[in-house]
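In the working numbering, the protein residues as written are 4 to 279.
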Amino acid sequence: MTAFGPLLYNSVSHKVEPLPGGDVGLYVCGVTPYDTSHLGHAFTYVVFDVLVRYLRFLGRRVTYVQNVTDIDDDVLLRANKTGRDWKELGDEEYAGFRQQMSRLGNLDPDVAPRATDHMPEIQQIVERLIDKDVAYENKHSVYFDVKKDPKFGRLFNHSYDSMLQIANERGNFPADPLKRDPLDFVLWQGQKDGEPAWDSPWGPGRPGWHIECSAMAMKYLGETITIHGGGEDLVFPHHDAEIAQSENYTGVLFVHHWLHAAMVYCGEHKMSKSLG
């Protein structure tokens, strides 16, 4: 503690820094509900539950937002594989997740927004990024142009080649022929056969993973958030993409403090649904 408030590690500066005074807006990346949750999820959300309780103990007013990524490649792949309706699958898995968090004694978030309920906010951001010439449309999909943002990747802070390798491992599809640069990331994905879609100025489709979080975070916590958290595997490309699209949209700092929970490992591998 200092006269300014509690001290927290900041993943951007790699330093322990005082938290800004006043009300606290906390956004934590929530689950993609396509499979059963595991101990890695439990650890991450217990970490942020403790943080919320501690800040409230200090007398700070905290608004805790934890989203639900209810439309995503993983949800659609699992639904197709199991012959389930994608929405029913997501609802069932999310209900199970909330029950598990309750058994751990975790507080419910103040807001648990779903990506599918925020298409107008998402499309508004995408339209402005196109207007600002930091995003481009190609065959009904829209991409963020990373070369237009010289600070892109500052959270991960690694070389272009390292970013490319991690992007390939984490679903950024560097080989997508519609991209200008392999590191460009999708803001709006044109509809594929058999997939759910929403109308947009670029044709029917669905949002990219990263833009969902920016839209929901800013809707409920404003353009500058006190703390943004999640597992450390989200640093790149997810959180770096959020920074780029959000700050190019608003022109102001997106997050004061980035805070990441370490991974839980099983042997030499992180515990992850995507790894089985």
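By construction, the Cβ of each residue, glycine as well, lies at the ideal position given by its N, Cα and C atoms.
Just so you know, these numbers come straight off a predicted model, no measurement behind them.
(message) Ignoring anything shorter than 3 residues, give me the beta strand (DSSP E) runs that lie fully in the segment 143 to 172, in order along the chain.
(response) Here the runs fully enclosed are 144 to 147.
(request) Give me the Cβ distance between Y37 and A220, rounded to the nearest whole Å; I'm assuming they're in contact under 8 Å. (result) The residue you call residue 37 lines up with position 34 of the sequence shown. The residue you call residue 220 lines up with position 217 of the sequence shown. So it is not a contact: roughly 22 Å between Cβ atoms.
(request) Determine the DSSP secondary structure at P210, reduced to helix, strand or coil. (result) The residue given as residue 210 occupies position 207 in the sequence shown. If DSSP states are grouped into helix, strand and coil, P210 belongs with the strands.
(request) Determine the direct distance from the alpha carbon of E215 to that of P207, and round the result to whole angstroms. (result) As a working mapping, residue 207 is identified with position 204 in the sequence shown. As a working mapping, residue 215 is identified with position 212 in the sequence shown. Each residue's Cα considered, the two are about 16 Å apart.
(message) Whole angstroms are fine: how far does the CA of A178 sit from the CA of A6?
(response) In the sequence shown, residue 6 corresponds to position 3, counting from 1. In the sequence shown, residue 178 corresponds to position 175, counting from 1. Only weak support exists for where A6 lies, its pLDDT of 48 falling under 50; the coordinates are left without a value.
(message) I'd like to know whether the C-beta atoms of V78 and W89 end up nearer to each other than 9 Å.
(response) The residue labelled residue 78 in the question sits at position 75 within the sequence shown. The residue labelled residue 89 in the question sits at position 86 within the sequence shown. The answer is yes: Cβ separation under 9 Å.
(request) Express the C-alpha separation of E20 and L11 in angstroms, rounding to a whole number. (result) Residue 11 sits at position 8 when you count from the first residue of the sequence shown. Residue 20 sits at position 17 when you count from the first residue of the sequence shown. Rounded to whole angstroms, L11 to E20 spans 5 Å at the Cα level.
(message) Given this structure, state the Cα-to-Cα distance separating H241 from G43, to the nearest angstrom.
(response) Mapped onto the sequence shown, residue 241 falls at position 238. Mapped onto the sequence shown, residue 43 falls at position 40. In a straight line, the C-alpha of H241 is about 18 Å away from that of G43.
(request) Could you spell out the range, first to last residue, of the alpha helix (DSSP H) harbouring Y48? (result) The sequence position of residue 48 within the sequence shown is 45, counting from 1. Taken as a continuous stretch (DSSP letters only), the alpha helix (DSSP H) holding Y48 covers 42 to 60.
(message) Whole angstroms are fine: how far does the CA of E130 sit from the CA of K150?
(response) Counting from one through the sequence shown, the residue named residue 150 turns up at place 147. Counting from one through the sequence shown, the residue named residue 130 turns up at place 127. Taking the straight line joining both Cα atoms gives about 18 Å.
(request) Per DSSP, which residues does P21 bridge with? Please list them. (result) Counted from its first residue, the sequence shown places residue 21 at position 18. Bridge partners of P21: L10.
(message) Please return the same chain residues whose Cβ sits closer than 7 Å to the Cβ of L167, not counting the five positions on each side in sequence.
(response) To locate residue 167, count along the sequence shown from 1; it is residue 164. A distance below 7 Å between beta-carbons, with the five flanking residues on each side excluded, links L167 to the following residues of its chain, in chain order: P177, P185, L186.
(request) Can you check DSSP and say which residues form a bridge with I141? (result) By 1-based counting over the sequence shown, the position of residue 141 is 138. Per the sequence shown, residue 141 should be read as Asn rather than Ile. Under DSSP, N141 takes part in a beta bridge, and its partners are S144.
(message) Please report the straight-line C-alpha distance between G279 and T39, rounded to a whole angstrom.
(response) By 1-based counting over the sequence shown, the position of residue 279 is 276. By 1-based counting over the sequence shown, the position of residue 39 is 36. In this prediction, G279 has a pLDDT of 49, which is less than 50 and means its spatial position is unreliable; what the coordinates show is noted afterwards. Cα to Cα, the separation comes out at about 11 Å.
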